[in-house]
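Undergrad: The structure that follows is given in the form of structure tokens.
See the structure below:
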């Protein structure tokens with residue numbers, strides 16, 4: 001059985017998907033673009049600002065499920081430019097503490113709406 005998780009504190013889905021789904025004690029958070037929910041626009045300030053906003057959106061969805069970033073067990077980071085890896089990582093590291101979640105990071109050709117970064121996660125209850 002699966003249950004959708006949604007909050008107005010994060011951007012609404014821009015397609016036929018849920019912000020997150022809970023199934024068997026795991027929460028699967030869809031890729032979060034760096035959209036500021038109140039504005040409907042990307043956070044300004046480059047990849048670091050966009051990384052921060054993507055993670056804030058993820059944090060809001062997890063909070064709606066009663067979880068925190070400490071419950072995240074796996075993340076996937078998609079970057080428009082692998083040259084931004086270091087700058088992304090500086091911000092990313094401020095959202096997690098040891099033991100850190102497992103992670104993959106990929107450079108992709110393009111992201112929705114030409115974002116610089118998109119981040120998804122899996123959390124465990």
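Numbering (the UniProt record's numbering), first residue to last: 1 to 125. Just so it is clear, CB atoms sit at the ideal spot from N, CA and C, and this is done for glycine as well.
Measuring CB to CB, does residue 63 end up less than 8 angstroms from residue 32?
TA: Not a contact, by the Cβ cut-off of 8 angstroms.
Undergrad: Since residue 41 and residue 35 should fall inside the 8 angstroms C-beta cutoff, what is the C-beta to C-beta distance between them, to a whole number of angstroms?
TA: That pair is a contact at about 7 angstroms.
Undergrad: Starting from residue 41, follow its DSSP beta bridges and name the residues at the other end.
TA: DSSP, once it has assigned bridges, lists 36 as partnering residue 41.
Undergrad: With DSSP run on the structure shown, which of helix, strand or coil describes residue 75?
TA: Strand at residue 75.
Undergrad: Are there any heavy atoms of the ligand SAH lying less than 7 angstroms away from the beta-carbon of residue 44, as far as the coordinates show?
TA: This structure simply doesn't include the ligand SAH, nor any ligand for that matter.
Undergrad: From residue 103 to residue 92, what does the alpha carbon distance come to, in whole angstroms?
TA: For residue 103 and residue 92, the distance between alpha carbons rounds to 11 angstroms.
Undergrad: Using a Cβ-Cβ cutoff of less than 7 angstroms, which residues in the same chain neighbour residue 65 once the five nearest sequence positions on both sides are dropped?
TA: The residues are 5, 20, 22, 27.
Undergrad: Using the C-alpha atoms, what's the distance from residue 88 back to residue 79?
TA: So the two alpha carbons sit approximately 9 angstroms from each other.
Undergrad: Exposed or buried, what is residue 58 when buried is set at 16 or more other beta-carbons lying within 10 Å of its beta-carbon?
TA: Counting Cβ neighbours within 10 Å, residue 58 comes out buried, since at least 16 surround it.
Undergrad: Mind listing, in chain order, the continuous beta strand (DSSP E) runs of no fewer than 3 residues lying wholly within the stretch 50–96?
TA: DSSP runs (the beta strand (DSSP E)) wholly in the stretch 50–96: 72–79.
Undergrad: What span of residues does the beta strand (DSSP E) with residue 106 cover, start to end?
TA: Unbroken beta strand (DSSP E) run through residue 106: 102–107.
Undergrad: Please report how far the alpha carbon of residue 115 lies from the alpha carbon of residue 125, in whole angstroms.
TA: Their Cα atoms are separated by approximately 30 angstroms.
Undergrad: On a Cα-Cα basis, can you pick out the residue from 83, 24, 119 that is closest to residue 69?
TA: Nearest option by C-alpha distance: 119.
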